[in-house]
């Protein structure tokens, strides 16, 4: 719990542990679903990691009894530990940087697109003058 979710378990029973882990994984699951929705709106990073995380979390959350749930959680502990860093990166990107990327993408694909012809023409004339200088 502490390594994955930065939470300390202070309870004493299986049910309390189950509820704490379940809530944390449900939070991850909701966040990952939100990231997936945002990632589908354009060319944004992390799509494979989001899908892998959803599969990993769903495999645990599908267990209904607290014993089976905790057992599966422990079985997937290594995978969860390696995923936690990816989750933190995804969370940082989709919660903090996503809107900036959207703005840049819009500027690149819409605002600057109007200047594409002029830029290509300028690039062609620069290449032409470079070739001419080489022949001199």
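Numbering (my numbering), first residue to last: 232 to 367.
Each residue gets a CB set at the ideal place from its N, CA and C atoms; glycine is no exception.
Small disclaimer: the values here were computed from a predicted structure and weren't measured.
DSSP-derived helix/strand/coil call for residue i
i, result
"residue 275", "coil"
"residue 241", "coil"
"residue 253", "helix"
"residue 294", "coil"
"residue 323", "helix"
"residue 283", "helix"
"residue 307", "coil"
Counted within 10 angstroms of its Cβ, other Cβ atoms place residue i as buried (16 or more) or exposed
i, result
"residue 288", "buried"
"residue 269", "buried"
"residue 314", "buried"
"residue 242", "exposed"
"residue 304", "buried"
"residue 284", "buried"
C-beta atoms of residue i and residue j nearer than 8 Å
i, j, result
"residue 266", "residue 311", "no"
"residue 298", "residue 291", "no"
"residue 255", "residue 238", "yes"
"residue 329", "residue 259", "no"
Selected residue, minimal CA-CA separation from residue i, among the options
i, options, result
"residue 277", "237, 325 and 259", "325"
"residue 235", "252, 281 and 296", "252"
"residue 332", "355, 232 and 273", "273"
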